[in-house]
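A short write-up of the structure that comes next.
As structure tokens, this is what we get:
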């Protein structure tokens, strides 16, 4: 209501303008202009500013003229009253329309606040998902790096040196057994004569017992070393299998986590999609927000490019590590070939030494026959023994270039020949027992050789297991790439939600 006050309180009037709500803003302005004009006319009539007939002003009009003037004023007043009533109805309609618009704006504000809350929750969920995926990616890369380092460590030169050391220990044990066999063979050439046999019998029994005990200890030690090697290889295989199972389980859990996060993101975004679609018509005019979003998108694409470059660098490092593993495997095969060559050379050298020992045994038999024929020629036989020692020294000099171990054996032969020169005759009586003991020792040597063959086969099997682990590493790398693709999909969904958030904020 609009109230106007004239010179007298009785002329105070209030008018209400009604607005139907069907016109435009320009129509409303036109109606307000008409209303203002009507108010001006009303004020001018109430103030007496309108021209009045001359008869009324001059005071000379008749009563009829005065009556007509009053009637005209009454008609004008009625007309103005009707127009004021119409304008009042228009004002009431305008107020109702403005009230409805205020209610609509309030409801829209509430909807925008609700959608903003929903989007904030979606953004928080997306941030949590991104953090979880980043942590899982870091953990997966660390596990893969640890697996690669562990595989490289297992194929490192130190491990190969351990295998070669174990093989050398087996060879040393074999040489010790051959040394015992040689000593027993030397014992076959000795036989005591007369009182020398009775005097040296006790000492020879003790020496023979010590030799047998040493042979048993060496055989037991070789068996224990072979068993330890087998147990070590078994434990290594179990460790690799357990690590494979653990990595597979962790990868499955990570894939399930990615799927769950993807479903959560889809569920949270589905509820807001319909409401966002309704607001997109009103928000389509916000071109500035689109430009800002394009800038942010370009920055994010740059970040993705950097991540892809880091991924490429990581893949290159993995490829270099795999090539390094292949090189180490080739080096291992070359080392094994060298070991086989050394074993062949050692076998050839051992055969040559056996021939030399056989020749020495023949010479010892000749000496025994000469001693039986003439005890007076002991001095002559001593000179021949010196010649034989000289030959032993020559054989030692030749064997030094081929094998250091054979030189030690020949030195032991020379020392034993010098120490046992006076006891050769007493050992002949124990020839048969020594032969039986030598047969047992050869059987033990055969068993040790079989165990060494088993150890070689176990090493071959471990090598095949390592190759399988390399194949499994390739599979894990492919699965890691699949996880990266799933991560890219989640990042694309995050970009979509971020775009919608920017549109709602604008």
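Numbering (UniProt numbering), first residue to last: 1 to 506. By construction, the Cβ of each residue, glycine as well, lies at the ideal position given by its N, Cα and C atoms.
Item to check | Whole-angstrom C-beta distance between residue 119 and residue 500, which should lie under 8 Å | outcome: 7 Å
Checklist entry - What is the C-beta distance between residue 497 and residue 241, in whole angstroms, given that I count them as a contact (C-beta under 8 Å)? => result About 43 Å separates the two Cβ atoms, so there is no contact after all.
Checklist entry - Using DSSP with H/G/I as helix, E/B as strand and the rest coil, what is residue 53? => result For residue 53, the predicted model reports a pLDDT of 42, less than 50, meaning its position is unreliable; a value from the coordinates is still stated below. If DSSP states are grouped into helix, strand and coil, residue 53 belongs with coil.
Next on the checklist: In this structure, how does DSSP classify residue 149 when only helix, strand and coil are distinguished?
Outcome noted: helix
Item to check | Rounded separation between residue 221 and residue 245 - CA only | outcome: 36 Å
Checklist entry - Looking at the structure shown, is residue 506 part of a helix, part of a strand, or coil, going by DSSP? => result coil
Item to check | Inter-residue Cα distance where the pair is residue 492 and residue 302 | outcome: 14 Å
Checklist entry - If we ignore side chains and look at the alpha-carbon of each, how far apart do residue 238 and residue 249 end up? => result 17 Å
Next on the checklist: Does residue 182 pass the burial test, meaning 16 or more other C-beta atoms within 10 Å, or should it be called exposed?
Outcome noted: buried
Item to check | Straight-line gap, residue 487 to residue 505 (C-alpha atoms, nearest Å) | outcome: 27 Å
Checklist entry - Within 10 angstroms of its Cβ, does residue 347 collect 16 or more other Cβ (buried), or is it exposed? => result exposed
Next on the checklist: Using the three-state DSSP reduction, which class does residue 496 fall into: helix, strand or coil?
Outcome noted: helix
Item to check | Residue environment, residue 75, which counts as buried when at least 16 other CB atoms sit within 10 Å | outcome: exposed
Checklist entry - Straight-line CA distance for residue 341 to residue 352? => result 17 Å
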